[in-house]
Amino acid sequence: MKLRRAPVRVTLVDRHNHHLFQPLLYQVATATLSPSDIASPLRGILGRHGISVLLAEATSVDMQGKRLLLADGEVKYDYLILATGATHSYFGNDAWARYTMGLKTIEDAVEIRRRVLLAFELAEREPDPARRRELLTFVIVGAGATGVEMAGALAEISHHALVRDFQNIDPSQARILLLEGAPHVVPTYSEDLSLKAQRSLEKLGVEVRTSTRVTKIDEAGVYIGDERIPARTVIWAAGVAASPIARSLGVELDRAGRVPVTPELTLPGRNDIFVIGDLALFKQDGHPIPGVAPAAMQGGKHAASNILRQLEGKPMEPFSYWDRGTFAVIGRGSAVGVALQRFRMSGFFAWLAWLFVHILFLIGFRSKVAVLVNWAYSYVAFRRSARIITGGVPLQASASAPAALPPPAMQVEPSQGSREPSAVRPSTS
439 MKLRRAPVRV TLVDRHNHHL FQPLLYQVAT ATLSPSDIAS PLRGILGRHG ISVLLAEATS
499 VDMQGKRLLL ADGEVKYDYL ILATGATHSY FGNDAWARYT MGLKTIEDAV EIRRRVLLAF
559 ELAEREPDPA RRRELLTFVI VGAGATGVEM AGALAEISHH ALVRDFQNID PSQARILLLE
619 GAPHVVPTYS EDLSLKAQRS LEKLGVEVRT STRVTKIDEA GVYIGDERIP ARTVIWAAGV
679 AASPIARSLG VELDRAGRVP VTPELTLPGR NDIFVIGDLA LFKQDGHPIP GVAPAAMQGG
739 KHAASNILRQ LEGKPMEPFS YWDRGTFAVI GRGSAVGVAL QRFRMSGFFA WLAWLFVHIL
799 FLIGFRSKVA VLVNWAYSYV AFRRSARIIT GGVPLQASAS APAALPPPAM QVEPSQGSRE
859 PSAVRPSTS
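Just so we're aligned, residue 439 is where the sequence shown starts under my numbering, counting upward by one.
This is the structure:
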């Protein structure tokens, strides 16, 4: 938006037709919100500002020819902003992707919701106690903010939202395990906040295991060394890798595939290519800035400002990230987090701060109202308003065959992030 009144032509390339507010994806996955509550059509947001939107997938960058190469064409640019995000990382165990679900896109969230709700439906019809326990065991691998939030939301679904809906099973007996390789959950926080987060999770009934390494995942469950945890639903929240488009830039990447950038957020040696968001490795005070939405938003504004400064013949300015705060929600009315880099918060007041920040960053009046209404309903009634199963649903069960969740209705490829590049050309008008 910062370029909308500048003497340039702006083209946004995205393989999705919507802007997505990723921090609330887990609430779609756990049936609190609907996809339309956290996503807005790109043309509706940008079209009235004269910005061209192309539905296409960017595959690589031809820096010499100043071309953004697409799966089915190309776009020429004078300035390029790359913000293609990240995908899931399985730390060299890519075969595990067949048996787990990550959370990067709306498709991911809807599929997780489908699998979770179907697990309860199939358990209701399963006569074998052992198979029923497998269906009602949910494993989340990775206890960063996403894993903690997913575990807390799943616990609330089983203990409150679904508890009166079934006759043959007790949803509150569902087993929810959160596995983390580090000594504490949300390891980026201080130890005291991590311990508070763990205690809140355990109060909700989540089984937390720290300093625990997953050694194998297959169709039957998760392995920790020689221990096998039978589970039909495994959610992956343990790692991310930058979008593969970074490999076309001809620079050495870090272990996560991120692109080292200059203080001005440009590719080293190239003032016409900016890299922001999860794709960029930008260090401030000796540490990489976090891969969170506010960092990407601030980076995008700064990249646009530096393009304008170049067009005006002025030197570019270095980027400085202002961390307003990060929070992780642990169920209804509870959260942990740090505001303004110094104020550590936990409990109900941290939850209120989280609520305010997320409402503030949502795009569109309708989204803000819809989210507030759904949150209020869930908070007061302990219910989830978006418990809709879409896609393939089994119409009959076999008592002799093992109960199993059906395959996804559509094959969802690992996400490269919902944002694609912007190509900016000086206007000739």
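Note that CB positions come from ideal geometry on N, CA and C, so glycine has one too.
Would you mind reading off the limits of the alpha helix (DSSP H) that contains V466? Looking up residue 466 in the sequence shown gives position 28. Note, V466: alpha helix (DSSP H), 463-467.
Touching or not, the region 715-728 and the region 673-684, by the rule of three or more beta carbon pairs under 8 Å? Taking a cut-off of 8 Å for Cβ pairs, the region 715-728 and the region 673-684 touch, as three or more such pairs fall below it.
Does DSSP classify S686 as helix, strand or coil? Position 248 of the sequence shown, counted from the start, is the residue given in the question as residue 686. Note: S686 maps to helix in three-state DSSP.
Suppose you measure from the CA of I768 to the CA of Q748; what does that come to, to the nearest Å? Stepping through the sequence shown from its first residue, residue 768 is reached at position 330. Stepping through the sequence shown from its first residue, residue 748 is reached at position 310. Taking the CA atoms as reference points, I768 sits about 45 Å from Q748.
What residues match up with K721 in a beta bridge as DSSP calls it? Sequence index remark: in the sequence shown, residue 721 carries index 283 (1-based). Beta-bridge pairing links K721 to P726.
With a CB to CB cut of under 7 Å and the five nearest residues on each side skipped, what residues in its chain are close to V713? For the purposes of this step, residue 713 is taken as the residue at position 275 of the sequence shown. Result list for V713: L520, V697, V699, L703, L705, in chain order.
So, using beta-carbon positions, are L556 and P609 closer together than 9 Å? The sequence position of residue 556 within the sequence shown is 118, counting from 1. The sequence position of residue 609 within the sequence shown is 171, counting from 1. If you check the CB distance, L556 and P609 do not come in under 9 Å.
Checking 9 Å against the spacing of the C-beta atoms, do A467 and I550 come in under that value? Residue mapping note: residue 467 aligns to position 29 of the sequence shown, counting from 1. Residue mapping note: residue 550 aligns to position 112 of the sequence shown, counting from 1. Yes, Cβ-Cβ distance for A467 and I550 is below 9 Å.
Candidates E512, F459, P625: which alpha carbon is nearest G503's? As a first step, residue 503 is located in the sequence shown; it is residue number 65 there, counting from the start. Out of E512, F459, P625, E512 has the C-alpha closest to the C-alpha of G503.
Report yes or no: do the region 567-585 and the region 617-635 share at least 3 C-beta pairs separated by less than 8 Å? These segments touch.
Counting C-beta neighbours from all protein chains within 10 Å, is the total for L616 16 or more, i.e. buried, or is it exposed? Reading the sequence shown from its first residue, position 178 is the one you call residue 616. Burial state of L616 is buried, judged by a 10 Å Cβ sphere holding 16 or more other Cβ atoms.
Nearest candidate by alpha-carbon position, reference T650, set E587, A676, E629, A589: Mapped onto the sequence shown, residue 650 falls at position 212. Nearest option by C-alpha distance: A676.
Residues sharing a beta bridge with T575, DSSP: Your numbering for residue 575 matches position 137 in the sequence shown. Beta-bridge partners of T575 (DSSP): R613.
Identify which residue in T522, I595, W674, D603 has its Cα closest to the Cα of G585. Numbered from 1 along the sequence shown, position 147 holds the residue referred to as residue 585. Taking the Cα of G585 as reference, the smallest distance to any Cα among T522, I595, W674, D603 is reached at W674.
I'd like the span of the beta strand (DSSP E) that includes G785, first residue to last. Walking along the sequence shown from the start, residue 785 turns up at place 347. Following the DSSP letters along the chain, one finds G785 inside the beta strand (DSSP E) bounded by residues 781-785.
Does DSSP put W416 in a helix, a strand or coil? Because the chain is modelled from 439 through 867, residue 416 falls outside the range shown and cannot be assessed.
Within 10 angstroms of the Cβ of V644, are there 16 or more other Cβ atoms? Answer buried if so, exposed if not. Along the sequence shown, read from residue 1 onward, the residue named residue 644 stands at position 206. Buried.
Quick one: Cα of I614 to Cα of K514, how far? In the sequence shown, the residue the question calls residue 614 occupies position 176. In the sequence shown, the residue the question calls residue 514 occupies position 76. Whole-angstrom Cα-Cα distance: 49 Å.
Where V850 sits in the DSSP three-state scheme: Translated into positions along the sequence shown, residue 850 becomes position 412. Residue placement at V850 is poorly supported in this model, since its pLDDT is 37, which falls under 50; the coordinates are not used for a value here.
Quick check on P701: buried or exposed, where buried means 16 or more other Cβ atoms within 10 Å of its Cβ? As a position in the sequence shown, residue 701 is number 263, starting the count at 1. Exposed: under 16 other Cβ atoms inside 10 Å.
In whole angstroms, what separates the C-alpha of R762 from that of K752? Stepping through the sequence shown from its first residue, residue 762 is reached at position 324. Stepping through the sequence shown from its first residue, residue 752 is reached at position 314. Going from the Cα of R762 to the Cα of K752 covers about 29 Å.
Counting C-beta neighbours from all protein chains within 10 Å, is the total for N744 16 or more, i.e. buried, or is it exposed? For the purposes of this step, residue 744 is taken as residue 306 along the sequence shown, with counting starting at 1. A residue is called buried when at least 16 other Cβ atoms come within 10 angstroms of its Cβ; N744 meets this threshold and is buried.
Does the Cβ-Cβ distance between V448 and A494 come in under 9 Å? Here the question's residue 448 lines up with position 10 in the sequence shown. Here the question's residue 494 lines up with position 56 in the sequence shown. Not in contact: V448 and A494 (Cβ atoms no closer than 9 Å).
Using the C-alpha atoms, what's the distance from Q722 back to S758? Here residue 758 is taken as the residue at index 320 of the sequence shown, counted from 1. Here residue 722 is taken as the residue at index 284 of the sequence shown, counted from 1. The C-alpha of Q722 is placed about 7 Å away from the C-alpha of S758.
Backbone CA spacing between W760 and E629 [nearest angstrom]: Numbered from 1 along the sequence shown, position 322 holds the residue referred to as residue 760. Numbered from 1 along the sequence shown, position 191 holds the residue referred to as residue 629. About 23 Å.
Name the DSSP beta bridge partners of E512, please? Numbered from 1 along the sequence shown, position 74 holds the residue referred to as residue 512. Paired residue(s): L507.
Just to confirm, are P461 and A734 a CB contact at a threshold of 9 Å? Numbered from its first residue, the sequence shown carries residue 461 at position 23. Numbered from its first residue, the sequence shown carries residue 734 at position 296. The Cβ atoms of P461 and A734 do not sit closer than 9 Å to each other.
CA nearest to the CA of H622, picked from R647, E640, L592, V601: For the purposes of this step, residue 622 is taken as residue 184 along the sequence shown, with counting starting at 1. Between H622 and the set R647, E640, L592, V601, the nearest pair of CA atoms involves R647.
In terms of residues, what are the limits of the beta strand (DSSP E) holding G590? As a first step, residue 590 is located in the sequence shown; it is residue number 152 there, counting from the start. Looking at the DSSP string, G590 is not in any beta strand (DSSP E); the run it does join, the alpha helix (DSSP H), is 583-594.
Near M539, which residues of its chain fall below 7 Å by C-beta distance, leaving aside the five closest residues on each side in sequence? Against the sequence shown, residue 539 aligns to sequence position 101. Once the five neighbours on either side are set aside, the close Cβ partners of M539 are D546, E549, I550, R553, I673, W674.
Local Cβ density within 10 Å of H725, reported as buried at 16 or more and exposed below that: Within the sequence shown, numbered from 1, the residue matching residue 725 stands at position 287. Around the beta carbon of H725, fewer than 16 other beta carbons sit within 10 angstroms, so the residue counts as exposed.
Cβ-based neighbour list, L484, same chain, cut-off 7 Å, excluding 5 preceding and 5 following: What you label residue 484 is simply residue 46 of the sequence shown in a count that begins at 1. Scanning its chain for C-beta atoms nearer than 7 Å, with the 5 sequence neighbours on each side dropped, one finds around L484 the residues L450, V491, in chain order.
Since A469 contacts I595 with CB under 8 Å, what's their CB separation in whole angstroms? Taking the sequence shown and counting its residues from 1, the one referred to as residue 469 is at position 31. Taking the sequence shown and counting its residues from 1, the one referred to as residue 595 is at position 157. By a beta-carbon distance limit of 8 Å, A469 contacts I595. Their separation comes to about 7 Å.
Straight-line gap, E640 to A589 (C-alpha atoms, nearest Å): As a working mapping, residue 640 is identified with position 202 in the sequence shown. As a working mapping, residue 589 is identified with position 151 in the sequence shown. Distance between the alpha carbons of E640 and A589 is about 10 Å.
Please go through the same chain and pick out, in chain order, the residues whose beta-carbon is closer than 7 Å to the beta-carbon of P479, but skip the five residues on each side of it. Taking the first residue of the sequence shown as 1, we reach residue 479 at position 41. Cβ neighbours of P479 beyond the five flanking positions: N455, H456.
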